[in-house]
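J.: Take a look at this one; I'll ask things after.
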């Protein structure tokens, strides 16, 4: 079955499915919108501090690791296929 061209993940999904200090590789580009809270992530070799109203863009096949997320973390990740953007 083909994956949908766009997927949206909220903080509940992220908190329950993503382990801290574990390396992941994306299979599609993504945009992270942080509404509330703070966090620390690494994408490739770049360490990124997340603050309220942060927006982070990430390409497919990039490696990422979440180091910390505050208890009041609230945000969304939108993952999409390249075909979806090109059409």
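Numbering (my numbering), first residue to last: 20 to 106. C-beta: ideal position from N, C-alpha, C; glycine also.
1. Within 10 Å of its beta-carbon, does residue 74 have 16 or more other beta-carbons around it, so buried, or fewer, so exposed?
2. From 71, 99, 101, pick the residue whose C-alpha is nearest to that of residue 91; which is it?
3. By how many angstroms is the C-alpha of residue 56 removed from the C-alpha of residue 44?
4. Looking at C-alpha atoms only, which residue of 82, 88, 99 is the closest neighbour of residue 39?
5. Can you tell which of 105, 94, 58, 68 has the C-alpha that lies nearest to the C-alpha of residue 50?
T.: Reading it off the structure:
1. In the chain shown, counting from the first residue as 1, residue 74 sits at position 55. Exposed, by the Cβ-count rule.
2. Residue 91 sits at position 72 when you count from the first residue of the chain shown. Closest option to residue 91, Cα to Cα, is 71.
3. Taking the first residue of the chain shown as 1, we reach residue 44 at position 25. Taking the first residue of the chain shown as 1, we reach residue 56 at position 37. Each residue's Cα considered, the two are about 24 Å apart.
4. Taking the chain shown and counting its residues from 1, the one referred to as residue 39 is at position 20. When only C-alpha atoms are compared, the closest one is 88.
5. As a first step, residue 50 must be located in the chain shown, where it is residue number 31. Among 105, 94, 58, 68, the Cα nearest to that of residue 50 belongs to 94.
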